[in-house]
Amino acid sequence: MENTQQSSSFNDLFDLRIDAEAQQLLFDCAKWAKIIAVFSFISIGVSMISPFVIYARVDMVPMARTFAIGGGVMSALISGLITVAINIFLYRFSNYTVQGLNNNDQETFNKGVNNLRIYSKIIGIIMIIVLSLLTLVFFLFLLIGGIAAMVSTMPK
């Protein structure tokens with residue numbers, strides 16, 4: 006009896022239909038996803054240009070300027086590539102989802118949802134990495150603070 010009930014609820018999950026309200030909500034999600042992706046692409050462009058503009062105005066020793074520009078460009082390039090890779094999936098989610106809903110095409114709609122899944126996975130992995138690094142830095146500061154406190158209380 007219980008097995009039949011589980012089987013019935015399992016089949017109900019795959020018999021889901023997208024009604025008018027769900028379709029409108031998905032259109033809204035896709036619209037906002039596209040806006041976020043486009044603004045992220047614009048932000049990447051600005052971040053690629055900004056190191057040159059900032060360091061061109063700073064009076065430095067020529068060698069220091071070279072290192073400053075190189076570091077700024079490399080930092081902008083790495084973060085830009087990561088951001089582009091992430092936001093391509095968000096942009097694809099928007100396009101495929103809208104196209105699938107407009108044409109009532111399940112395969113295209115599934116591509117859109119899959120791109121959202123990949124986007125969410127990448128964001129989750131990045132968040133885990135960032136939180137791990139912040140935790141590591143926190144404990145490093147605690148260790149350095151403890152050592153500094155011990156050294157400052159030592160008799161001279």
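For the sequence shown, the tail end lands on 161 under my numbering, and the numbers increase by one without skipping. C-beta: ideal position from N, C-alpha, C; glycine also.
Annotated as proximal: L31 and T102, with beta-carbon spacing under 8 angstroms. Note on geometry: alpha-carbon atoms of K126 and W37 lie some 19 angstroms from one another.
For I40, the three-state secondary structure derived from DSSP is helix. Pairing M53 with A81 gives a Cβ-Cβ distance under 8 angstroms.
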